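Enquirer:
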Amino acid sequence: MANLTVNLDRRLSHINPEVYGNFSEHLGHCIYDGIYVGESSAIPNVNGMRSDIVAALKAIHLPVLRWPGGCFADTYHWEDGIGPRQTRKRMVNTHWGGVVEDNAFGTHEFFEFCRQVGCEPYINGNLGSGTVREMSEWVEYMTFDGLSPMSQRRQANGQSEPWHLKYFGIGNENWGCGGNMRPTYYADVYRRYQTYVRNYGKNQIFKIACGPNSDDYAWTEELMKQAGHYMDGLSLHYYTVNGDWEHKGAATGFSKADWYQTLKKTLYMEDLIRGHLAVMDRYDPEHKVGLIIDEWGTWFDVEPGTNPGFLYQQNTTRDALVAAVNYNIFNKHSDRIPMTNLAQLVNVLQALILTDGEQMLLTPTYFVADLYQHHQGADLLESMVDTQLVGQDESALVPNLSESASVSADGTVNVTLANLAADRPAAVQVQLTGRAAAAYTLAEARILAGDSDCLDLHNSFAEPQTVRPADFAAQVSSARPGQFRLQLPAASVLLLRFSQARES
Ligand code: AHR
Numbered sequence: 001m002a003n004l005t006v007n008l009d010r011r012l013s014h015i016n017p018e019v020y021g022n023f024s025e026h027l028g029h030c031i032y033d034g035i036y037v038g039e040s041s042a043i044p045n046v047n048g049m050r051s052d053i054v055a056a057l058k059a060i061h062l063p064v065l066r067w068p069g070g071c072f073a074d075t076y077h078w079e080d081g082i083g084p085r086q087t088r089k090r091m092v093n094t095h096w097g098g099v100v101e102d103n104a105f106g107t108h109e110f111f112e113f114c115r116q117v118g119c120e121p122y123i124n125g126n127l128g129s130g131t132v133r134e135m136s137e138w139v140e141y142m143t144f145d146g147l148s149p150m151s152q153r154r155q156a157n158g159q160s161e162p163w164h165l166k167y168f169g170i171g172n173e174n175w176g177c178g179g180n181m182r183p184t185y186y187a188d189v190y191r192r193y194q195t196y197v198r199n200y201g202k203n204q205i206f207k208i209a210c211g212p213n214s215d216d217y218a219w220t221e222e223l224m225k226q227a228g229h230y231m232d233g234l235s236l237h238y239y240t241v242n243g244d245w246e247h248k249g250a251a252t253g254f255s256k257a258d259w260y261q262t263l264k265k266t267l268y269m270e271d272l273i274r275g276h277l278a279v280m281d282r283y284d285p286e287h288k289v290g291l292i293i294d295e296w297g298t299w300f301d302v303e304p305g306t307n308p309g310f311l312y313q314q315n316t317t318r319d320a321l322v323a324a325v326n327y328n329i330f331n332k333h334s335d336r337i338p339m340t341n342l343a344q345l346v347n348v349l350q351a352l353i354l355t356d357g358e359q360m361l362l363t364p365t366y367f368v369a370d371l372y373q374h375h376q377g378a379d380l381l382e383s384m385v386d387t388q389l390v391g392q393d394e395s396a397l398v399p400n401l402s403e404s405a406s407v408s409a410d411g412t413v414n415v416t417l418a419n420l421a422a423d424r425p426a427a428v429q430v431q432l433t434g435r436a437a438a439a440y441t442l443a444e445a446r447i448l449a450g451d452s453d454c455l456d457l458h459n460s461f462a463e464p465q466t467v468r469p470a471d472f473a474a475q476v477s478s479a480r481p482g483q484f485r486l487q488l489p490a491a492s493v494l495l496l497r498f499s500q501a502r503e504s
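Everything in the sequence shown is counted per the working numbering, starting at 1 for the first residue and increasing by one.
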């Protein structure tokens, strides 16, 4: 029996809702067909935005969305995406499939989508191929609250009020697709560009510098040393790649060894966070700069027969476990991680949603975001769980359980627990401790259950309801106040919620 202890008297940090953010790039069918179909589409939409997608994202309270890239961001010229659609300039999307982008979805459309969903916009500016003036004027266009050349253009294009814009990224992967820069050079260019990213009126911008790729601690060191005082956040990109970049492995039809290898690589996120935070601490002992993990998730080979540049992959219970493990890690580091952005929202990489024409399906990853949404804006509680190493071979052993716990503003306690074992259920005893622990009873239990005989369980357009959360309350027993027992099936993700019994 594994003990999972939650100390209700130890609130460790606040979990910013944006920890559960997402990312939408002009890549494959994320924006076009995924989010945006245009006003004249037969697919139900409001102002061109798919109503089914907006409803699904509202249901999980998507807190923040990053746009327009990714690598695309450093090729994007915002002025091409405003004004009458028929006159918008076209461009070649050189990073993603070489398709011609007609710029139908631009700044106004992005803010409209965020308005409908109710999420914060996070815009990534173009440092790689754009000018300082271009970036500066984009910020003025979006946020200037008086009469200026840019605000008048915005008004002429139908938006009289400035938009609220908090998060702004100054370049993306500038060590690679964003200009192949060296850290010292980027640090100087960053300092220059960010100077002209102004706060207008009440709008306060949280400036995010391009951070390291995976374990490039030298990049973090140089950025913090040369430019740490000019940023609010430093980004980190780390993808879970089962194989290597040449042969990433399939999203479905994988072996048990692949299952464990993928989870082991996911757990590496913990090492990366600790490693980069240790470097950041040396230059920022007061912890003014947040670590923003604005690209993470699984990256598999594309589905056979699909455009290799579109990064379209299926999504299984393995992806659900990857999301659950990452979210538990992020919760536990929420004192230093104010935002993360899973890549990506629809039809790309570890997507929440897949679409096919007018059809759409919710992936296992979506349901993890659904179960975990209660952590948004809650306070992290001290928690720990006993674990055993499990795996197919010695090279990829992982702890069988991953957990985190929080308390919401209304006092409800949220516990999320994942069983990483492919074929071994786990007997778990949840012990709430602290002054009022005995007063708590189970309010809700929901599980996203995997299947040991079918590790690549997934939803398809033919069978879109195969993987769905189910009620698990009947499987949770309580012998003593504040103590709960359950048998967690293999390959599963569980949400438990506890609340204080009301006095009658
Ligand atoms: O998310 C896909 C791509 O991955 C992004 O465009 C880029 O930033 C990263 O390499």
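Glycine included, every Cβ here is placed at the ideal spot set by N, Cα and C.
Source: prediction; values computed, not measured.
#1: In this structure, how does DSSP classify Lys-207 when only helix, strand and coil are distinguished?
#2: Go ahead and pull the three-state DSSP assignment for Gly-505.
#3: What is the residue span of the beta strand (DSSP E) that Pro-364 lies within?
#4: Quick test of your reading: Tyr-283 and Met-224, contact by CB under 8 Å. State the CB separation rounded to the nearest angstrom.
#5: What is the DSSP secondary structure of Ala-257, counted as helix, strand or coil?
#6: On the DSSP letters alone, give me the boundaries of the alpha helix (DSSP H) that Thr-143 sits inside.
#7: Residues in the same chain with beta-carbon distance under 7 Å from Leu-62, minus the five sequence neighbours each way, listed in chain order, please.
#8: So what does DSSP say about Ala-462, is it helix, strand or coil?
#9: On the DSSP bridge list, what partners appear for Ser-406?
#10: If I'm right that Leu-127 touches Asp-188 with Cβ under 8 Å, what's the distance once you round it to whole angstroms?
#11: Per the DSSP calculation, Trp-78 is bridged to which residue(s)?
#12: When every heavy atom of ligand 1 is checked, does at least one fall within less than 8 Å of the C-beta of Asn-315?
#13: How big is the Cα-Cα spacing for Ala-490 and Ala-324?
#14: Per the DSSP calculation, Pro-572 is bridged to which residue(s)?
#15: What are the boundary residues of the alpha helix (DSSP H) that Asn-328 is part of?
#16: Do the region 471-482 and the region 352-367 meet, that is, are 3 or more Cβ pairs less than 8 Å apart?
#17: List the endpoints of the continuous beta strand (DSSP E) containing Asp-451.
#18: Quickly, what does DSSP pair Val-6 with across the bridge? List them, please.
#19: Can you list, in chain order, the residues of its chain with a C-beta nearer than 8 Å to that of His-374? Leave out the 5 residues immediately preceding and following it.
#20: I want to know whether the region 292-310 touches the region 125-142 - three or more CB-CB distances under 8 Å.
#21: Pick out whichever of Thr-355, Glu-382 and Ser-402 has its Cα sitting closest to the Cα of Ile-43.
#22: So, Leu-349 versus Lys-264, is the Cβ gap smaller than 9 Å?
#23: Would you say the beta carbon of Leu-420 is closer than 8 Å to some non-hydrogen atom of ligand 2?
#24: Kindly indicate which three-state DSSP category Pro-399 falls into: helix, strand or coil?
#25: Would you give the residue range spanned by the beta strand (DSSP E) that Leu-57 belongs to?
#26: If you follow the alpha helix (DSSP H) that Asp-188 is part of, which residue opens it and which one closes it?
#27: Please tell me whether, using a cut-off of 8 Å, the distance from the CB of His-29 to the nearest non-hydrogen atom of ligand 1 is below it.
#28: Taking the alpha-carbon positions, what's the Ala-218 to Gly-249 distance?
#29: Using the Cβ count rule (16 or more neighbours within 10 Å means buried), how would you classify Cys-210?
#30: In the DSSP output, which residue or residues are listed as bridge partners for Ile-15?
#31: Kindly list the residues whose CB is nearer than 8 Å to the CB of Thr-433, restricted to its own chain and excluding five residues on each side of it in sequence; keep chain order.
#32: With hydrogens ignored, establish whether the beta-carbon of Ala-323 is closer than 8 Å to any heavy atom of ligand 1.
#33: Tyr-537: beta carbon under 8 Å from a heavy atom of ligand 1?
#34: Distance, Cα to Cα, Asn-180 vs Asn-174?
#35: Around the Cβ of Trp-245, are there at least 16 other Cβ atoms within 10 angstroms (buried) or fewer (exposed)?
#36: Please return the same chain residues whose Cβ sits closer than 7 Å to the Cβ of Thr-94, not counting the five positions on each side in sequence.
Expert: Put simply:
#1: For the purposes of this step, residue 207 is taken as the residue at position 207 of the sequence shown. Three-state DSSP puts Lys-207 in a strand.
#2: Since the first residue shown for the chain is 1 and the last is 504, residue 505 is missing from the structure and cannot be characterised.
#3: As a working note, residue 364 is residue 364 in the sequence shown. It is not in any beta strand (DSSP E) - Pro-364 instead sits in the alpha helix (DSSP H) that spans 364-372.
#4: The residue given as residue 283 occupies position 283 in the sequence shown. The residue given as residue 224 occupies position 224 in the sequence shown. So it is a contact: roughly 4 Å between Cβ atoms.
#5: Counting from one through the sequence shown, the residue named residue 257 turns up at place 257. DSSP places Ala-257 in helix when its eight states are reduced to three.
#6: As a working mapping, residue 143 is identified with position 143 in the sequence shown. Per DSSP, Thr-143 belongs to the alpha helix (DSSP H) from 132-143.
#7: Locating residue 62 in the sequence shown gives position 62, where the first residue counts as 1. Annotation for Leu-62: Asn-22, Val-117 and Cys-119 place their beta carbon closer than 7 Å to its own, counting only its chain and skipping 5 residues before and after.
#8: Position 462 of the sequence shown, counted from the first residue, corresponds to residue 462. Three-state DSSP puts Ala-462 in coil, outside helix and strand.
#9: Position 406 of the sequence shown holds residue 406. DSSP output for Ser-406 lists Leu-380 and Asn-414 as bridge partner(s).
#10: To locate residue 127, count along the sequence shown from 1; it is residue 127. To locate residue 188, count along the sequence shown from 1; it is residue 188. No, Leu-127 and Asp-188 are not in contact; Cβ-Cβ is about 12 Å, not under 8 Å.
#11: Taking the sequence shown and counting its residues from 1, one reaches residue 78 at position 78. The partner list for Trp-78 (beta bridge, DSSP) is empty, contrary to what the question assumes.
#12: Counting from 1 along the sequence shown, the entry for residue 315 is found at position 315. Not so, every heavy atom of ligand 1 lies at least 8 Å from the Cβ.
#13: Taking the first residue of the sequence shown as 1, we reach residue 490 at position 490. Taking the first residue of the sequence shown as 1, we reach residue 324 at position 324. Answer to the nearest angstrom: the Cα atoms are 14 Å apart.
#14: Because the chain is modelled from 1 through 504, residue 572 falls outside the range shown and cannot be assessed.
#15: Taking the sequence shown and counting its residues from 1, one reaches residue 328 at position 328. Segment 317-332, the alpha helix (DSSP H) holding Asn-328.
#16: With a cut-off of 8 Å, the region 352-367 and the region 471-482 do not count as touching, because too few Cβ pairs lie within range.
#17: Taking the sequence shown and counting its residues from 1, the one referred to as residue 451 is at position 451. Where Asp-451 is concerned, there is no enclosing beta strand (DSSP E), given that its DSSP letter is neither H nor E.
#18: Stepping through the sequence shown from its first residue, residue 6 is reached at position 6. Its beta-bridge partners are Ser-383 and Leu-432.
#19: Along the sequence shown, read from residue 1 onward, the residue named residue 374 stands at position 374. Shown here for His-374: same chain residues with a beta carbon closer than 8 Å to its own, the five before and five after excluded, namely Ser-406, Ser-408, Thr-412, Asn-414, Leu-495 and Arg-497 in chain order.
#20: no
#21: Counting from 1 along the sequence shown, the entry for residue 43 is found at position 43. That would be Thr-355, whose Cα lies nearest to the Cα of Ile-43.
#22: Within the sequence shown, the letter at position 349 stands for residue 349. Within the sequence shown, the letter at position 264 stands for residue 264. Their beta carbons are not under 9 Å apart, which means Leu-349 does not touch Lys-264 by this criterion.
#23: By its list of ligands, the structure shown excludes ligand 2, since it contains just ligand 1.
#24: Here the question's residue 399 lines up with position 399 in the sequence shown. Strand.
#25: Position 57 of the sequence shown, counted from the start, is the residue given in the question as residue 57. Segment 51-59 is the alpha helix (DSSP H) holding Leu-57; no beta strand (DSSP E) there.
#26: In the sequence shown, the residue the question calls residue 188 occupies position 188. Residues 183-195.
#27: As a working note, residue 29 is residue 29 in the sequence shown. No, ligand 1 has no heavy atom inside 8 Å of this Cβ.
#28: For the purposes of this step, residue 218 is taken as the residue at position 218 of the sequence shown. For the purposes of this step, residue 249 is taken as the residue at position 249 of the sequence shown. Spanning the two alpha carbons is a distance of roughly 29 Å.
#29: Taking the sequence shown and counting its residues from 1, one reaches residue 210 at position 210. Per the 10 Å Cβ criterion, buried.
#30: Residue 15 sits at position 15 when you count from the first residue of the sequence shown. Ile-15 pairs with nothing; no bridge assigned.
#31: The residue given as residue 433 occupies position 433 in the sequence shown. Around Thr-433: Thr-5, Val-6, Asn-7, Leu-8, Asp-9 and Gly-482.
#32: As a position in the sequence shown, residue 323 is number 323, starting the count at 1. The answer is no for Ala-323.
#33: For the chain, the structure presents residues 1 to 504; residue 537 sits outside this window and is missing.
#34: Within the sequence shown, the letter at position 180 stands for residue 180. Within the sequence shown, the letter at position 174 stands for residue 174. Cα-Cα distance, rounded: 6 Å.
#35: To locate residue 245, count along the sequence shown from 1; it is residue 245. It is exposed - the Cβ of Trp-245 has fewer than 16 other Cβ atoms within 10 Å.
#36: As a first step, residue 94 must be located in the sequence shown, where it is residue number 94. Same-chain partners within the cutoff: Thr-75.
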